[in-house]
Amino acid sequence: MEPIINAQMPEFKVQAFQNGSFKTVSNEDLKGKWALFFFYPADFTFVCPTELVDLAGKYEQLKQMGVEVFSVSTDTHYVHKAWHDASDSIKKIEYTMLADPTGVLSRGFGVMKEDEGVAYRGTFLVNPEGLIKIAEIQDNSIGRNADELLRKVEAAQFVATHDGEVCPAKWKAGGETLKPSIDLVGKI
């Protein structure tokens, strides 16, 4: 298996639903931007809306950080709209919901569960150069935490602009970082 960290984001062009409208989104639209892809199995399910609403609560903060947010499932953009219209929880979502009925994105990011035709819960942060900097995949029975995701995005953006510095465990914005050197070997 090829490592996905620092791999180029896959090429794609898919339909999407956002704020009452349909649109097309492609990898070309994301050049020069930070992008967060949040894969989930399916609309009208159980754990998925809890995660999507949790992420919606961080959407303004992520936008202020210059991060485009995309939830992705193998449903169509029509199903995304129907779910948005039917669910008081999903109505809270303002970020773009990508439709992946052919699995081009799910396969491109390595999260397609072929036996069911749905995606595993995968989270990927892509930098402005189109390189994947965070990749997390988990079983569909385990929900994610948007607070921890936000912390990781902050860390990825910090190290991208602070050459030679790294963020230790539990690092939060404004916290101390490390500058790896021979002087630190065995002292942490």
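Under the numbering used here, the first residue of the sequence shown carries the number 1429, and numbering increases by one thereafter. Just so you know, even glycine gets a beta-carbon here, dropped at the ideal spot from N, CA and C. Nothing here was measured: the structure is a model prediction, and the numbers come from that model.
- P1462: which of V1497, N1447, D1471, F1445 sits nearest, CA to CA? With the sequence shown as reference, residue 1462 is identified as Trp, and Pro is not the correct amino acid for it. When only C-alpha atoms are compared, the closest one is V1497.
- Query: Do the segment 1552 to 1560 and the segment 1444 to 1464 make contact, defined as three or more Cβ pairs closer than 8 angstroms?
  - Reply: yes
- Within the segment 1476 to 1501, note down every full beta strand (DSSP E) run reaching 3 residues or more, in order along the chain. 1495 to 1501
- Query: What residues in its chain sit with their C-beta under 6 angstroms from that of W1599, if we drop five residues either side in the sequence?
  - Reply: A1583
- Message: Restricting to Cα atoms, I'd like to know which of I1518, L1526, G1494, D1503 is closest to L1578.
- Response: G1494
- Message: So, does the segment 1521 to 1536 touch the segment 1443 to 1453, judging by three or more C-beta pairs under 8 angstroms?
- Response: yes
- Since W1385 sits in a beta bridge, which residues does DSSP pair it with? Shown here, the chain extends from 1429 to 1616; a query on residue 1385 therefore has no answer.
- Message: Three or more C-beta pairs under 8 angstroms: does that hold for the segment 1496 to 1511 against the segment 1527 to 1544?
- Response: yes
- Task: Grab the span of the beta strand (DSSP E) containing E1564 for me, first residue to last.
- Result: 1560 to 1566
- Query: For the putative contact between T1452 and K1459, defined by C-beta atoms under 8 angstroms, what is the C-beta separation to the nearest angstrom?
  - Reply: No, T1452 and K1459 are not in contact; Cβ-Cβ is about 15 angstroms, not under 8 angstroms.
- Are P1438 and L1559 closer than 8 angstroms when you measure CB to CB? no
- Task: Return the first residue and the last residue of the beta strand (DSSP E) that A1583 is part of.
- Result: Not the beta strand (DSSP E): A1583 falls in the alpha helix (DSSP H), residues 1574 to 1589.
- Task: Determine the closest residue to G1602 out of L1612, I1616, Q1585, D1471, with distance taken between C-alpha atoms.
- Result: Q1585
- Endpoints, the beta strand (DSSP E) within which V1453 is located: 1449 to 1454
- Task: Give every residue of the same chain whose Cβ lies closer than 8 angstroms to the Cβ of K1486, excluding the five residues on either side of it in the sequence, and list them in chain order.
- Result: A1574, D1575, L1577, L1578
- Task: In angstroms with no decimal places, state the Cα-to-Cα distance between A1588 and E1456.
- Result: 21 angstroms
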